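Residue numbers (my numbering): 618 to 1096. Ideal Cβ positions, reconstructed from N, Cα and C, are used throughout, including at glycine. Here the structure is a predicted model, which is why all the values come from computation and not from measurement.
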Ligand code: C5P
Ligand code: C5P
Ligand code: ZN
C-alpha cells in the first residue's frame, strides 16, 4: 500500500511540526489550553494528549466541547493562552478559528472534513489533507496519538487509547469489522507494546470476555436485537431455547467459554431470530475482529475496545467527561468506578428515549429522509447516539435526521446518520448539513456518513425541507 505509506509520511511531517510547537511551549512553562470533542474519540484524544503534556510537566487545562462557536472563540481571546490545541474538533470550523484567532498560537489535530482554510500561522494536521478519508481511516484520537508519539516515542504506550477512539467513531468498516487505513499503523503500535491483542472472526458481543453470555447478549446494541437487547431475562430464555447452558455448576459462562460448536449454533440462531424480527440482512455482522486489551482486568468494560469506547462516550454525553479522560490517562480507581455507574445511567436514558420516540410516533418518513423529532423531550446530548442506533438498525435507504431543542441556547441540535451503501452512491451528509445549515443561519458539518448541525429553533421546518431536497439531489432522485 504505497499511497497509504506516502500519506502517513506526509501526515507525520505535519504531526512532527505540531509536536515541536507543543514541546516548545510546554518546556517554556506556557499555559496550554486543550479543547476536545465530547464523544469517545474526543475524550480519547484529550486523554492521550493530556498524558503527553503531563509527561512534559506542562501547565495545561483540558476543556470538552460539543462544537466551536463565537462564544468559545471569545473565551480563548480573553484567556490568552500561550497555545491552544484542538483535538477531534476544529477542522469543521477553520474559518471561525482562522478569523477569530489569527493572532493566537493554534494547533488543530482533527479528522473531520475541513471547512474553510486554516490560517497560515496555525498548524493543522488532518488526514483529509493527504487524500485519506478521515471518517474511516484515522480518528481524532489517532491524530492526537501520532502527534504524542512525535513528542516522545515513550508515548507509544498510549496507542491502545487511539484504538478506543477509532472504535468509538465506528471506524471498524474494513473487512471483518476491522480497523484499516492509517489506523493500521496505530493497531500495530498497540500490539507491539503488549497492550492489545487482535482476534479475528470472533462473535462481537459486548462483554465477550467479561460477562455471563446472557448479559453480554443483552448489552449488545450493534446490532440492536429487538426483544433481546437490554432484556437479560429474555436472553436467558433465548439461550435455553437453543440449548446453550449459561452456567456450569454455579459458575456463569462467558462467551469465551463456549465451544466452537456452541458459538456457531449461537450465531446461526441469532441470525434466524433477527431475520424473523424483520431486521435486514446487512445488520447481521455478528462476527468480526475483536480488540482486547490484555492488561486490563477481566470482567471490566475496559478489557474490550468497543466496550471501552461506549464507557467513554457515556461519560462525555452525561456531562462527566473528566472521568473518561482520567481513565484514558490511566486512572483505574475512583474515576473508573464512577464511570461504570454513569454507563448504566446512560444505557437507561437511551432505552427510555428510544422507547418514547417509538411510542409517540416521532419517527416520520418523508420523501427522501426519516425525521426523528426529539423536540424538547429528548436530551440534546444523546440525540447523536439515538440517530446512530436507529440508522444501524433500520438500514434504510433514507438517511436519519434527528433533532432536539436546546432551549437555553435557543437552537436545535441536529444529528444526521446514514449507512455505507448510501455513501457509496454519493451521499455526503457533511456537505448536506453544512449547506442546509448555512441557508438557515446555522452551522453544520462532519463526515459523509455521520454529520450534525446547530440552527436557530425557528428554522427547523425550513431546514428539514432543504435537507430532504439536498438528499434527493445527491442521490439523483429529483423529480
Ligand atoms: O466528531 P466525531 O468524528 O468524533 O463523531 C463522529 C460521530 O459519528 C460519532 O458519534 C460516531 O458514532 C458517528 N459515526 C458513525 N459512523 C461512522 C463514523 C462516525 O456513526 N462511520
Ligand atoms: O453531534 P453529532 O454526533 O451528530 O455529530 C456528528 C459528526 O458531525 C461529529 O463528527 C461532529 O463533530 C460533526 N459536526 C460538525 N459540525 C457541526 C455539528 C457536528 O462537524 N456543526
Ligand atoms: Zn472523531
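Beta carbon of residue i nearer than 9 Å to that of residue j
i: residue 703; j: residue 723; result: yes
i: residue 662; j: residue 757; result: yes
i: residue 796; j: residue 776; result: no
i: residue 1013; j: residue 1036; result: yes
i: residue 834; j: residue 852; result: yes
i: residue 1099; j: residue 741; result: Nothing can be reported for residue 1099: it is not among the residues displayed for the chain, which extend from 618 to 1096.
i: residue 931; j: residue 887; result: no
i: residue 883; j: residue 865; result: no
i: residue 684; j: residue 933; result: no
i: residue 769; j: residue 669; result: yes
i: residue 918; j: residue 1009; result: no
i: residue 800; j: residue 780; result: yes
i: residue 1030; j: residue 997; result: yes
i: residue 946; j: residue 671; result: yes
i: residue 821; j: residue 713; result: no
Backbone CA spacing between residue i and residue j [nearest angstrom]
i: residue 916; j: residue 908; result: 15 Å
i: residue 848; j: residue 911; result: 29 Å
i: residue 982; j: residue 988; result: 6 Å
i: residue 1005; j: residue 1082; result: 21 Å
i: residue 970; j: residue 1075; result: 24 Å
i: residue 920; j: residue 1021; result: 34 Å
i: residue 569; j: residue 906; result: One cannot answer for residue 569 here, as it falls past the ends of the chain, which runs 618 to 1096.
i: residue 755; j: residue 730; result: 12 Å
i: residue 761; j: residue 694; result: 24 Å
i: residue 659; j: residue 652; result: 9 Å
i: residue 873; j: residue 1077; result: 48 Å
i: residue 1032; j: residue 805; result: 33 Å
i: residue 726; j: residue 744; result: 10 Å
i: residue 1092; j: residue 818; result: 34 Å
i: residue 1073; j: residue 1084; result: 15 Å
i: residue 646; j: residue 678; result: 13 Å
i: residue 863; j: residue 825; result: 13 Å
i: residue 811; j: residue 631; result: 28 Å
i: residue 639; j: residue 697; result: 16 Å
i: residue 1047; j: residue 879; result: 43 Å
i: residue 749; j: residue 974; result: 37 Å
Cut-off 8 Å between Cβ atoms - residues of its own chain near residue i, not counting five sequence neighbours on either side
i: residue 629; result: 763, 767
i: residue 650; result: 677, 678, 680, 693, 696, 698, 700, 701, 702
Sequence-distant residues of its chain with Cβ nearer than 7 Å to residue i (five each side left out)
i: residue 877; result: none
i: residue 711; result: 731, 732, 733, 734, 735
i: residue 706; result: 652, 653, 654, 659, 682, 685, 727
i: residue 793; result: 817, 818, 905, 906
heavy atom of ligand 4 below 8 Å from residue i C-beta
i: residue 782; result: Of the ligands one can find in the structure shown, namely ligand 1, ligand 2 and ligand 3, none is ligand 4.
Proximal residues to residue i (C-beta, below 6 Å), its chain only, five neighbours per side dropped
i: residue 843; result: 894
i: residue 937; result: 959
i: residue 953; result: 944
i: residue 657; result: 785, 926, 929, 930
i: residue 581; result: There is no way to answer for residue 581, as the model of the chain reaches only from 618 to 1096.
i: residue 1007; result: 1017
i: residue 913; result: 919, 920
Tell me the start and end of each unbroken alpha helix (DSSP H) in the region 782-810 that is at least 4 residues and wholly inside, in chain order.
800-809
Fully enclosed by the region 1027-1085, which beta strand (DSSP E) runs are 3 residues long or longer?
1028-1034, 1060-1063, 1067-1073
What residue ranges within the region 941-983 form continuous beta strand (DSSP E) runs of no fewer than 3 residues, ordered along the chain?
980-982
Complete beta strand (DSSP E) runs within the region 636-711 (minimum length 3 residues, chain order):
648-654, 676-682, 700-704
Entirely within the region 915-945 and at least 4 residues each: give me those alpha helix (DSSP H) ranges in chain order.
922-934, 938-945
Minimum length 4: unbroken alpha helix (DSSP H) runs contained in the region 838-889:
849-858
Every unbroken alpha helix (DSSP H) inside the region 725-772 [4 residues or more]:
757-768
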